[in-house]
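Remarks on the structure that follows.
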Amino acid sequence: MNVSDKLSFVSTLHRAPYPAIDPRRPSSSAAGKTILITGGATGIGFAVARNFALAGASTIVLLARREETLKNAASELSAAFPDTQFLTYAGSITDDAEIQKVFSSVRRTALNKDVDVLVMCAAFIKADKPLSKTPLSEVKTTFETNVFGNLNVVNTFLDAPRKEGKVIVDFTSYASYMPFPQTGPYGASKDAFSFLMRHVQNEHPELRVYTLHPGAVWTQAAAAAGMTKDMLDWDDEDLPGQFVVWLAGQEAAFLKGRFLASHWDVTELMAKKETFELDADLSTIGLRR
1 MNVSDKLSFV STLHRAPYPA IDPRRPSSSA AGKTILITGG ATGIGFAVAR NFALAGASTI
61 VLLARREETL KNAASELSAA FPDTQFLTYA GSITDDAEIQ KVFSSVRRTA LNKDVDVLVM
121 CAAFIKADKP LSKTPLSEVK TTFETNVFGN LNVVNTFLDA PRKEGKVIVD FTSYASYMPF
181 PQTGPYGASK DAFSFLMRHV QNEHPELRVY TLHPGAVWTQ AAAAAGMTKD MLDWDDEDLP
241 GQFVVWLAGQ EAAFLKGRFL ASHWDVTELM AKKETFELDA DLSTIGLRR
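Sequence positions in the sequence shown follow the UniProt record's numbering and run 1 to 289.
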């Protein structure tokens, strides 16, 4: 059993894509929209890009650190989806000036001259030692990326004339509230940013903000954190990729401001719509009596 299976609001859990989150469904259409994905050249971010292209997005923006990786990702996506505009930018989300330049360029170059959906996949994780043996410099680096860098991107995204109907999806982790071994700085940084996203939702009710646990997906980041392919029964990367597209559609509007997991069956979630609407704190990070 995956740890993600232990905490759920539904009885049906998934490990791979299924028809209800197929990005080609009309209710999930991204036609006419611009999608910006941090960490979008590899792993889950690349899966998100591919599935938004399937949903008919007009422009998909990939932001990552490595120029060559971005070029390869854009080349593969452009060949598969010639009707979608793909833009790439190499840079760090912690660089204020660089992120300003990226958004300014996108708002000039994208087909609709705006960014409609922001998906944050970029993260730093190093889980190879206990907290007592972790240098403060490493803790600072973790927070620089996972909190300050992500907030830098969000604030620049929000600095636009139109906010109505826009969507933010922040990829988080169950490590944000479960003390997995050797993940203290990473989990704490994810927890901090998830709570900041609750504030963003409260301050901007015209937006839809989601915090999403992607599941257990094998990625370069997982390998860098010291995991191996035989360590877990890994999930299909298209599960979170398609779940994000579903979140950006209208069916998921009632879930805005919530902590969600890609495993959760969306048909069962929609059946609980009234329950969610009656409890603003349901499936959020915080203390409850």
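Positions of the beta carbon are idealized from the N, C-alpha and C atoms, including for glycine.
Everything numeric in this text was worked out from a predicted model, so none of it was measured.
Among residues of its own chain, excluding the 5 on either side of residue i, which ones have a beta-carbon nearer than 6 Å to its beta-carbon?
i: residue 197; result: 170, 209 and 211
i: residue 85; result: 59 and 111
i: residue 268; result: 10 and 12
Excluding the 5 residues preceding and the 5 following residue i in the sequence, name in chain order all residues of the same chain whose CB lies nearer than 7 Å to its CB.
i: residue 250; result: 27
i: residue 139; result: 185
i: residue 270; result: 251
Could you tell me the alpha carbon to alpha carbon distance between residue i and residue j, rounded to whole angstroms?
i: residue 36; j: residue 284; result: 25 Å
i: residue 281; j: residue 90; result: 37 Å
i: residue 73; j: residue 45; result: 10 Å
i: residue 38; j: residue 275; result: 33 Å
i: residue 65; j: residue 144; result: 15 Å
i: residue 121; j: residue 22; result: 21 Å
i: residue 163; j: residue 96; result: 21 Å
i: residue 68; j: residue 277; result: 45 Å
i: residue 149; j: residue 79; result: 31 Å
i: residue 115; j: residue 25; result: 22 Å
i: residue 30; j: residue 130; result: 43 Å
i: residue 200; j: residue 117; result: 15 Å
i: residue 33; j: residue 103; result: 15 Å
i: residue 248; j: residue 54; result: 14 Å
Is it buried or exposed for residue i, if we count other Cβ within 10 angstroms and need 16 for buried?
i: residue 1; result: Low confidence applies here, because residue 1 scores a pLDDT of 41, under 50, leaving its location unreliable; read the following figure in that light. The residue is exposed, with fewer than 16 neighbouring Cβ atoms inside 10 Å.
i: residue 83; result: exposed
i: residue 14; result: buried
i: residue 155; result: exposed
i: residue 242; result: buried
Can you name, in chain order, every residue of its own chain whose Cβ lies under 8 Å from the Cβ of residue i, other than the five neighbours on each side?
i: residue 194; result: 170, 172, 176, 211, 259 and 285
i: residue 204; result: 158 and 163
i: residue 8; result: 261, 263 and 264
i: residue 16; result: 235, 236, 238 and 239
i: residue 266; result: 20, 21, 243, 246, 251 and 252
Which one or two residues does DSSP pair with residue i in a beta bridge?
i: residue 213; result: 261
i: residue 62; result: 37 and 88
i: residue 170; result: 120 and 211
i: residue 57; result: 31
Give, in chain order, every unbroken run of the beta strand (DSSP E) that is at least 3 residues long and sits entirely within the segment 79-138. Unbroken beta strand (DSSP E) stretches of 3 residues or longer found wholly inside the segment 79-138: 85-90 and 117-120, given in chain order.
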